[in-house]
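Novice: Protein chains in written order, with our numbering: chain A, 152 to 430; chain B, 152 to 430. This is the structure I have questions about; it appears just below.
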DNA sequence: GAATTAAGTTGTGCATAGGTCAACCTAAGG
DNA sequence: CCTTAGGTTGACCTATGCACAACTTAATTC
């Protein structure tokens, strides 16, 4: 079969590259750098960037001639389902933060991975830079497991085959860091379970409990608790989670789980979910 | 000169259409509808959408076969300068809301128009759907005037020539509403001033005062107050604003202006702006 | 549940959009 | 002033994506 839109796909790589560049560089990238990273001709990249910046998807700094992600992205992103959900979740996340004094997140499952859409930081929190927009592996986070638990066994099997071995961070990010800054940090890939059967058992426990706990599996020293958010069709559409340093929870996993569950339930009813006890 | 990326530009129109569709439809658009709106072949649109959805920029509902803006947009948008600023502004916007009991916004000036990046609604507010991501004409909003006042006279003249007559809403939106819902609402185009000289005088007043007031010019019955936010180079990078129903302000314009100025100043120092009195 | 209609996907020849490669600018630094 | 690197523009030529149509799949009607 002939590929009819490979040009578009190639041009979109420019956005990908800029997206990851944003995390490591400041002031954006020049035409040459982008051409290297995408392995394309600099002349062509120059033209592509002209088009992209005239649409506002990328932003051109006329002084330095460097490009970065543009304002149009922001304006479009606010029209997505994800943004809508994030907006609605704010009050409930604030409630949870008030109760726990810890940072709270709203996450959704997209493409087999966990996308954090909204973060509310606790007043005491050190790191201000949010996790918003960050994508993580679903198997090793509490949020991911809570949302996977809402799927049917066949769907979970599909996920297992495709995404169980995902790197915690997306592929292009490591591909990009390599040529730019030669930090060869070993990403320790921790599998959520030995095999599918073991993983299904974990998910069944999550279903029974009503929330999931990840004890340092995603970030060492951080206990992650998450509970499912359901919409009016009673389908799991998101997860509310909170990450707490281990020394602050001790072994009080259950009370943390209860708090997160409560916030998730309240948000679910906000969305019109039927009020039923745990099946 | 021959155009080397008109294909890309055409394909990006698909995103534009979806972006505006989001406001009027729910559940997204089908291939045929998008083909109509972009005046392209449905076969080609089908292929373009396949590419766009494999990159996550659009989202495909496998059941209904309808497309809407995708999660990747959200994740990219969170890496933009605009998102960064919006995140940092949150605490200051909350402070302002606590003081005024009215909804507060953070706005930036992009492409001659005002882009609202963050909205914090007051507890009493009726409408929950935010203004985030909405683009408005710069001349008739307080935020726009505050930010234009930070430019040099030549830059303002350039803006006047290109954008003074802008519709309050972007062009494609009206173009899109026409075929979809035949509401022929007349957009009353209200010029900010009769001519450039008069407008420059208005901006000078804004500079002297330190804030701008728009008395129902943007939305009838709403008094809009805005003050400039400066970064570490003392350049105006955004505006904090608040919109108050006229009956609740009365003629207390100045005290409202002072509150907004205070919030904007505090946020400016957060960003590392030099602390100097109004020149 | 068969028949009809609408919506979406895939196949193919042909014209054109975009890739290659080069020359030409423009800005910064010695 | 010259040199060098980054960025833009130009021109040729081929691969890409457009038009048109056939085909598949889903929804609707009787």
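Glycine is no exception: its CB is placed at the ideal position from the N, C-alpha and C atoms. None of the values given here were measured: they were computed from a predicted structure.
DSSP state of residue 230/B, grouped into three classes?
Specialist: Coil.
Novice: Ordered along the chain, which non-local residues of its own chain (more than five positions away) have a Cβ less than 8 angstroms from that of residue 192/A?
Specialist: Counting only Cβ-Cβ distances below 8 angstroms, and skipping sequence neighbours, we find 186.
Novice: Please report the residue range of the beta strand (DSSP E) in which residue 297/B lies.
Specialist: No beta strand (DSSP E) contains residue 297/B, which is instead part of the alpha helix (DSSP H) from 293-299.
Novice: Which of the three DSSP states is assigned to residue 391/A in this structure?
Specialist: Here residue 391/A sits in strand by DSSP.
Novice: Express the C-alpha separation of residue 366/A and residue 256/A in angstroms, rounding to a whole number.
Specialist: Using only the alpha carbons, I get a separation of about 17 angstroms.
Novice: Ordered along the chain, which non-local residues of its own chain (more than five positions away) have a Cβ less than 6 angstroms from that of residue 324/A?
Specialist: With a pLDDT of only 46 at residue 324/A, under the threshold of 50, the placement of this residue in the model should not be trusted; the figure read from the coordinates follows. 171.
Novice: Comparing alpha-carbon positions, which option in 173/B, 395/B, 385/B lies nearest residue 415/B?
Specialist: When each option's Cα is compared against that of residue 415/B, the closest is 385/B.
Novice: Grouping DSSP H, G and I as helix and E and B as strand, with all else coil, what is residue 222/B?
Specialist: Looking at residue 222/B - three-state DSSP - the assignment turns out to be helix.
Novice: Got a sec: which bits of the region 222-239 of chain A sit with their beta carbon under 9 angstroms from any beta carbon on chain B, in order along the chain?
Specialist: Those would be 222, 223, 224, 225, 226, 227, 228, 229, 230, 231, 232, 233, 234, 235, 237, 238, 239, in chain order.
Novice: Could you tell me the distance, in whole angstroms, from the CA atom of residue 388/B to the CA atom of residue 351/A?
Specialist: Their Cα atoms are separated by approximately 51 angstroms.
Novice: Please compile the residues from chain A whose C-beta is within a distance smaller than 9 angstroms of the C-beta of residue 189/B.
Specialist: The premise fails here: residue 189/B is roughly 14 angstroms from chain A at the closest Cβ pair, so nothing lies under 9 angstroms.
Novice: Starting from the C-beta of residue 237/B, find all residues in its chain whose C-beta is less than 7 angstroms away, skip the five residues before and the five after it, and write them out in chain order.
Specialist: Cβ within range, chain order: 257, 268, 269.
Novice: Whole-angstrom Cβ separation of residue 218/A and residue 200/A, contact assumed at under 8 angstroms?
Specialist: Going by Cβ atoms, the distance from residue 218/A to residue 200/A rounds to 5 angstroms, so yes, they are a contact pair.
Novice: Using a Cβ-Cβ cut-off of 6 angstroms (strictly less than) and excluding sequence neighbours within five positions of residue 243/B, which residues of its own chain qualify?
Specialist: Counting only Cβ-Cβ distances below 6 angstroms, and skipping sequence neighbours, we find 414, 417, 418.
Novice: From the DSSP output, in three-state form, read off residue 382/A for me.
Specialist: Residue state, collapsed to three classes: coil.
Novice: Let me make sure I understand the geometry here. Which of 315/B, 404/B, 265/B has the alpha-carbon closest to that of residue 346/B?
Specialist: Ranking the options by Cα distance to residue 346/B, first place goes to 315/B.
Novice: Just by C-beta distance, which residues in the region 157-170 of chain A are closer than 7 angstroms to chain B?
Specialist: Within the region 157-170 of chain A, the qualifying residues are 158, 159, 160, 162, 163, 166, 170.
Novice: In the region 171-220 of chain A, which residue ranges form an unbroken beta strand (DSSP E) of at least 3 residues, counting only runs that do not cross its ends?
Specialist: Runs of the beta strand (DSSP E) inside the region 171-220 of chain A: 209-212, 217-220.
Novice: At the 8 angstroms Cβ level, is residue 317/A part of the contact set with chain B, yes or no?
Specialist: So, not an interface residue.
Novice: Could you say which of 391/B, 203/B, 401/B lies nearest to residue 157/A if we only look at CA atoms?
Specialist: Measuring from the Cα of residue 157/A, the nearest candidate turns out to be 203/B.
Novice: Write down the C-beta distance between residue 362/A and residue 287/A rounded to the nearest angstrom, noting that I regard them as a contact closer than 8 angstroms.
Specialist: Between residue 287/A and residue 362/A the Cβ distance is about 18 angstroms, and since that is not below 8 angstroms, they are no contact.
Novice: By the 10 Å Cβ neighbour count, where 16 or more other Cβ atoms means buried, how is residue 232/A classified, buried or exposed?
Specialist: Its Cβ being crowded by 16 or more others within 10 Å, residue 232/A is buried.
Novice: Check whether chain A comes within 8 angstroms of residue 367/B, counting only Cβ atoms and requiring the distance to be less than that.
Specialist: With 8 angstroms as the cut-off, residue 367/B does not count as an interface residue toward chain A.
Novice: Taking 7 angstroms as the line, does the beta carbon of residue 350/A fall inside it for any heavy atom of the ligand GTP?
Specialist: Inclusion of the ligand GTP in the displayed structure is not the case, the ligand content being empty and no account of it being possible.
Novice: Mind pulling the alpha helix (DSSP H) runs of 4 or more residues that sit fully within the region 345-376 of chain A?
Specialist: Fully enclosed alpha helix (DSSP H) runs of 4 or longer: 347-360.
Novice: Checking the sheet assignment: what are the DSSP bridge partners for residue 397/A?
Specialist: Beta-bridge pairing links residue 397/A to no other residue.
Novice: Can at least three beta-carbon pairs, one atom from the region 401-411 of chain A and one from the region 373-382 of chain A, be found at a separation below 8 angstroms?
Specialist: Enough Cβ pairs lie closer than 8 angstroms, so yes.
Novice: What did DSSP end up calling residue 272/A once you bin it into helix, strand or coil?
Specialist: Looking at residue 272/A - three-state DSSP - the assignment turns out to be coil, as it is neither helix nor strand.
Novice: Taking C-beta to C-beta, are residue 400/A and residue 390/A nearer than 8 angstroms?
Specialist: Their beta carbons are not under 8 angstroms apart, which means residue 400/A does not touch residue 390/A by this criterion.
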